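Student: This is the structure, below, for whatever I ask next.
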Amino acid sequence: MKLLKEYDAESILSEEVFTEIFNEPDEIQKARMLLSFQERAEQLDKEHKGTLKKFNTMLRAYKKTFKEIESSKKSHPQQLADNYTHFDYFEDGHELYSGSWIADDDGVRTFNMFGEVLACYHPILPVKRLKNLETGEEQIEIAYKRNGRWYTKKFPKTVITSASKIVQLSGVGISVTSENAKHLVRYMSDIENMNDSLIEVQNSTSKLGWNGNDFIPYDQNIVFDGDSRFKSLFDAVHERGNEDTWYEHVKELRRTGKTEIKFMLAAAFASVLIEPLGGLPFFVDLWGETEGGKSVSLMLAASVWANPDESQYIGDFKTTDVALEAKADMLNHLPMMLDDTSKTSSRIRENFEGIVYDLCSGKGKSRSNKELGINRENRWKNCIITNGERPLNSYVSQGGAINRILELECSQKIYDDPQRTAEILKKNYGFAGRVFVDVIKDMDKTELRNIQKGFMNRLMDSDKMQKQAMSLSIILTADKIATESIFKDGVYISLDEAKETLTDYSDVSDNQRCYEYILGMIAMNQTRFDAATACEKWGILENGYAVIYNPAFDRICEGGGFSKKAFLSWADRHGKIQTQAGQYTKQKKIEGKNFRCVFLKLDDGIEVDKDGFMQISEDEQEELPFK
Numbered sequence: 001m002k003l004l005k006e007y008d009a010e011s012i013l014s015e016e017v018f019t020e021i022f023n024e025p026d027e028i029q030k031a032r033m034l035l036s037f038q039e040r041a042e043q044l045d046k047e048h049k050g051t052l053k054k055f056n057t058m059l060r061a062y063k064k065t066f067k068e069i070e071s072s073k074k075s076h077p078q079q080l081a082d083n084y085t086h087f088d089y090f091e092d093g094h095e096l097y098s099g100s101w102i103a104d105d106d107g108v109r110t111f112n113m114f115g116e117v118l119a120c121y122h123p124i125l126p127v128k129r130l131k132n133l134e135t136g137e138e139q140i141e142i143a144y145k146r147n148g149r150w151y152t153k154k155f156p157k158t159v160i161t162s163a164s165k166i167v168q169l170s171g172v173g174i175s176v177t178s179e180n181a182k183h184l185v186r187y188m189s190d191i192e193n194m195n196d197s198l199i200e201v202q203n204s205t206s207k208l209g210w211n212g213n214d215f216i217p218y219d220q221n222i223v224f225d226g227d228s229r230f231k232s233l234f235d236a237v238h239e240r241g242n243e244d245t246w247y248e249h250v251k252e253l254r255r256t257g258k259t260e261i262k263f264m265l266a267a268a269f270a271s272v273l274i275e276p277l278g279g280l281p282f283f284v285d286l287w288g289e290t291e292g293g294k295s296v297s298l299m300l301a302a303s304v305w306a307n308p309d310e311s312q313y314i315g316d317f318k319t320t321d322v323a324l325e326a327k328a329d330m331l332n333h334l335p336m337m338l339d340d341t342s343k344t345s346s347r348i349r350e351n352f353e354g355i356v357y358d359l360c361s362g363k364g365k366s367r368s369n370k371e372l373g374i375n376r377e378n379r380w381k382n383c384i385i386t387n388g389e390r391p392l393n394s395y396v397s398q399g400g401a402i403n404r405i406l407e408l409e410c411s412q413k414i415y416d417d418p419q420r421t422a423e424i425l426k427k428n429y430g431f432a433g434r435v436f437v438d439v440i441k442d443m444d445k446t447e448l449r450n451i452q453k454g455f456m457n458r459l460m461d462s463d464k465m466q467k468q469a470m471s472l473s474i475i476l477t478a479d480k481i482a483t484e485s486i487f488k489d490g491v492y493i494s495l496d497e498a499k500e501t502l503t504d505y506s507d508v509s510d511n512q513r514c515y516e517y518i519l520g521m522i523a524m525n526q527t528r529f530d531a532a533t534a535c536e537k538w539g540i541l542e543n544g545y546a547v548i549y550n551p552a553f554d555r556i557c558e559g560g561g562f563s564k565k566a567f568l569s570w571a572d573r574h575g576k577i578q579t580q581a582g583q584y585t586k587q588k589k590i591e592g593k594n595f596r597c598v599f600l601k602l603d604d605g606i607e608v609d610k611d612g613f614m615q616i617s618e619d620e621q622e623e624l625p626f627k
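If you count by full-length UniProt numbering, then the sequence shown holds residues 1 to 627, one letter each, in order.
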C-alpha cells in the first residue's frame, strides 16, 4: 500500500483501497485504517468537493458487500474457515490454499464491493507445472470437472495468464467466456502462486528418444509435452497385445532368411543407435513391384516401436516440407516411416531432392516468430524408412543426396501370407523397442562403438561411399545386438547382403554422372556438331574430342543440373579435358572464327568415324536441353 499522502481524489476511491481495508484480519488495525482514509478523504474534499461524500458512499456499499460475504461464510463454513479448495481431486486427499476464493463443486467465485465474482461454473485448478528441457518454457496442466468427471489438459502458461487467450480453453469444455476470463486468470494465478510448494514441477520434452540416459516415452521422470498435432503419433508409441505372439511370428519370418525382413527390422532398431554412435540421419528405402510386400515390411518395422496400423505411426509424403521437419524433430531418435514415395504432395515433388538433403542433415531451417525472435531450431538424429515402386535415388540426381540413401530391392514375394502377418502386427506391437533400449542402456558405450567400428572397417574400401558405409555399419550393429539379445535365433544380415545396398563411388559421383550426361547429349545431338545441317551448333568433333562452344557447354551443364566449375575441375584432374595457360577452355578456330571452347575427351567406348563424327542409330531421337 502507498503512503497515505500519496492518495489523490481518484485513487482513494479505488477498489484496491477498500479491499485492503476489509481484508485486514485485525479488527483494531482495520478501524485505524478506515479512520486514516476518512481523514485523507476529508483533506482532499477541500480541493475536490464531493470526495468525502463519494468515499462514504463507497464505504457503505462495501460494508453491505462485506455482510454478504459473512453470510456466504455461514453457508460454506468448512470452506471459508480454512481457505482451501474442496475439490477432492488429489488421491492423497490434500487440497490447495485458495485465499479469498471459494472453490468447491459449485464452481469458483469470490466477492468484491460489487458482490459475487464468478471465475468458473465448475471445479478447475492447476495441478502440475511442466518445464521444457529444450526451450525452458512452461506449460500448466489443468484439471477440470464436468458432468461429474475429472479431465486434465496441458496448456502453454502464456495462455492461462492472458484474459484474451484463456478463452481458448472453452474449446475443450472449460466454461470460460470473455465475461469471466479475467477473473479465471486471476484465480489460476492466485492458486499457482499461493501453492508454489504443493504444485508438482516436472521436466518435460517435446521430443521422443534419448535425453541423457533416459529414453522418452519409457522413462516417466520426464514427460512429453509436444505439439498437439502429433498427439496421435505419440499415442501410437505403446505396447499392445501379446508379447510372445509378436516374437513367435517375427522369428518365423526371420527364419525364411529374407533380406528385406532382416534389414527392415534392423533399420527400425538402428534409429536409436545413431545418437550414441555419433552418426547422421539416413534413408533406408525398400523398392520393387506392386504386391511384393513393401507395405507389410514397413508395418513390421513400425511394430518394433508402435501401432503399425493405417494413420497411426506410419506417415506418407502427402504433406509439406515444414510438416516433415516438425515430425522428424518430434520423433527425434525414433525412426520416421513414410509410405509410398510415388504419392507425394506437389510441394514435396517439386523439391524431393531438397527434402532428402534436409532430412539427412538432421537440422531444420531457422525461422523467426511474430515477436521478431528466432524459434527453437528443429533437430533430429534418426533413420527415415520409406518404400515405393521406384528407388528413392531415381527421384534425385545429386551425389550428395544419393549417398544418404541405402536402397534395398524388394523381391517379388517376401511373405507367404502377407494378410496374416499384417493382422498379427496390428494386434501385437511395441514390445521389442523397449527391450532394445534397455539392452543399450546396460551396454558399455565403448563396446557399442567397437562393434560399429568393426563393421565399418569391413565395409569400407576405396570404391564405396563412406557416408553409406557409416549408416550401414549402424544397421549391422543393431542387427547383431537384436539378434543376440532379443531374438536369439542366429539369423544375422550377412556382409554380402549388406553390401548390396552400398553404391560405388563412381556411380554416385556428381562429376562422373555429369561426364556421362554430356557424352549422352553429344551422342543424341550429332547434327549440332556437323557443318552440313542447318541448326544451332554446339561445336565440332575431332581427334577423339568434343570441342564445345563455351556458352553451349554452360547450358548443357545447367540443363542437367550440374555445376560446370566443379565438373571442369574434376575433368582436369582425371585427364578428361585439354587446358590452356591454366584455363579449362582453349581457343579454337572454327569456320574462320576464334572461339573459346571446352575440349572434352570422348569415352573410349564411343566410336568416331574418319570425319570425327560419332556413330548412332538412325532411330535415336534428338533431345535438346534447351530450346
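Just so you know, even glycine gets a beta-carbon here, dropped at the ideal spot from N, CA and C. Just so you know, these numbers come straight off a predicted model, no measurement behind them.
ILE274 to LYS453, Cα distance in whole Å?
Tutor: Those two C-alpha atoms are separated by around 13 Å.
Student: Give the range of the beta strand (DSSP E) segment to which GLU542 is assigned.
Tutor: Element bounds for GLU542: 539 to 542.
Student: Do the stretch 118 to 131 and the stretch 87 to 98 make contact, defined as three or more Cβ pairs closer than 8 Å?
Tutor: Enough Cβ pairs lie closer than 8 Å, so yes.
Student: Among residues of its own chain, excluding the 5 on either side of ASN393, which ones have a beta-carbon nearer than 7 Å to its beta-carbon?
Tutor: ILE402, ILE405, GLU407, listed in sequence order.
Student: Check each candidate in THR319, GLU260, LEU298 and name the one with the smallest Cα separation from ASP309.
Tutor: The option with the nearest alpha carbon to ASP309 is LEU298.
Student: For ASN387, report the span of its beta strand (DSSP E) as first-last.
Tutor: It spans 383 to 388 - the beta strand (DSSP E) in which ASN387 sits, taken as one unbroken run.
Student: Is it buried or exposed for GLN220, if we count other Cβ within 10 angstroms and need 16 for buried?
Tutor: GLN220 is exposed by the Cβ-count criterion.
Student: In the DSSP assignment, the beta strand (DSSP E) including ASN203 goes from what residue to what residue?
Tutor: Run containing ASN203: 200 to 205, per the beta strand (DSSP E) assignment.
Student: When the Cα of LYS593 is compared with those of ASN525, ARG255, GLY539, which residue comes out closest?
Tutor: The option with the nearest alpha carbon to LYS593 is GLY539.
Student: Would you mind sorting GLN79 into buried or exposed? The rule is 16 or more other CB atoms within 10 Å of its CB.
Tutor: Reliability fails at GLN79, whose pLDDT of 48 lies under 50, so the model's placement of it is uncertain and the value that follows must be treated cautiously. The residue in question, GLN79, is buried, as its Cβ has 16 or more Cβ neighbours within 10 Å.
Student: Jot down the residue ranges of each uninterrupted beta strand (DSSP E) in the UniProt domain "Cch helix turn helix" (510 to 604), minimum 3 residues, whole runs only, in chain order.
Tutor: Listed in chain order, they are 539 to 542, 545 to 549, 586 to 590, 593 to 601.
Student: Name the two residues that bound the continuous alpha helix (DSSP H) containing PRO126.
Tutor: Careful: PRO126 lies outside any alpha helix (DSSP H), inside the beta strand (DSSP E) at 124 to 132.
Student: Kindly list the residues whose CB is nearer than 6 Å to the CB of GLU137, restricted to its own chain and excluding five residues on each side of it in sequence; keep chain order.
Tutor: Nothing listed; no residue qualifies.
Student: Terminal residues of the continuous alpha helix (DSSP H) containing ARG254?
Tutor: Here the alpha helix (DSSP H) through ARG254 covers 243 to 254.
Student: If you count every other CB in all the chains shown that lies within 10 Å of the CB of ARG573, and 16 or more means buried, which is it?
Tutor: ARG573 should be labelled exposed.
Student: To the nearest angstrom, how far is the alpha carbon of LYS177 from that of TYR151?
Tutor: The sequence shown places Thr at residue 177, not Lys. THR177 and TYR151: Cα-Cα distance of roughly 19 Å.
Student: Let me check understanding here. Comparing Cα to Cα, which of TYR517, LEU476, PHE436 lies closest to ASN450?
Tutor: For the residues TYR517, LEU476, PHE436, the minimum Cα distance to ASN450 belongs to LEU476.
Student: Quick one: what's got a C-beta closer than 6 Å to LYS537's C-beta in the same chain, skipping five residues either side?
Tutor: Cβ within range, chain order: ARG528.
Student: Might you give, ordered along the chain, the residues of its own chain that have their beta carbon closer than 7 Å to the beta carbon of ALA81, omitting 5 neighbours on each side?
Tutor: At ALA81 the pLDDT is 45, less than 50, meaning the model places this residue with poor confidence; the figure from the coordinates comes in the next sentence. So no residue of the chain qualifies.
Student: What did DSSP end up calling VAL223 once you bin it into helix, strand or coil?
Tutor: The answer is strand: DSSP assigns VAL223 an E or B state.
Student: For ALA103, name the three-state secondary structure that DSSP assigns.
Tutor: It is a strand residue.
Student: What does a CB cutoff of less than 8 Å around LEU253 pick up in its chain, not counting 5 residues either side in sequence?
Tutor: The answer, listed in chain order, is ILE261, LEU300, TYR415, THR421.
Student: Can you name, in chain order, every residue of its own chain whose Cβ lies under 7 Å from the Cβ of residue 648, other than the five neighbours on each side?
Tutor: In this structure the chain extends from 1 to 627, so residue 648 is not present and cannot be described.
Student: Does the Cβ of TYR218 have 16 or more other Cβ atoms within 10 Å, making it buried, or fewer, making it exposed?
Tutor: Per the 10 Å Cβ criterion, exposed.
Student: How many angstroms separate the CA atom of ASP104 from the CA atom of PRO123?
Tutor: Between ASP104 and PRO123, the C-alpha separation is close to 6 Å.
Student: Take every Cβ of the stretch 329 to 342, pair it with every Cβ of the stretch 226 to 239, and state whether three or more of those distances are shorter than 8 Å.
Tutor: Touching, yes, given that three or more Cβ pairs across the two stretches are closer than 8 Å.
Student: With a floor of 4 residues, list each alpha helix (DSSP H) that falls wholly inside the stretch 155 to 217, ordered by position along the chain.
Tutor: DSSP runs (the alpha helix (DSSP H)) wholly in the stretch 155 to 217: 157 to 160, 181 to 194.
Student: In angstroms, rounded to a whole number, what distance separates the CA positions of residue 638 and LEU600?
Tutor: Residue 638 lies beyond the stretch modelled for the chain, which goes from 1 to 627, so this question has no answer here.
Student: What residues in its chain sit with their C-beta under 6 Å from that of SER204, if we drop five residues either side in the sequence?
Tutor: Excluding sequence neighbours, SER204 sits near LEU130, ASN132, VAL223, ASP225.
Student: Pick from ALA61, ALA482, THR533, PHE562: whose alpha carbon is nearest that of VAL250?
Tutor: When only C-alpha atoms are compared, the closest one is ALA482.
Student: Can you tell me which of SER303, ASP339, ARG347 puts its alpha carbon nearest to the alpha carbon of THR320?
Tutor: Per the Cα distances, ARG347.
Student: If we count the other Cβ atoms within 10 Å of its Cβ and call it buried at 16 or more, is SER494 buried or exposed?
Tutor: With fewer than 16 Cβ atoms within 10 Å of its Cβ, SER494 is classed as exposed.
Student: Among LYS154, GLN587, PHE283, which one has its Cα closest to the Cα of GLN202?
Tutor: Minimum Cα distance to GLN202 is reached at LYS154.
Student: Are THR85 and SER100 touching if we call contact CB-CB under 9 Å?
Tutor: The answer is no: Cβ separation not under 9 Å.
Student: Can you grab the Cα-Cα spacing for the pair GLY278 / ILE440, in whole Å?
Tutor: So the two alpha carbons sit approximately 15 Å from each other.
Student: Which residues does DSSP pair with GLU407 in a beta bridge?
Tutor: DSSP, once it has assigned bridges, lists ASP285 as partnering GLU407.
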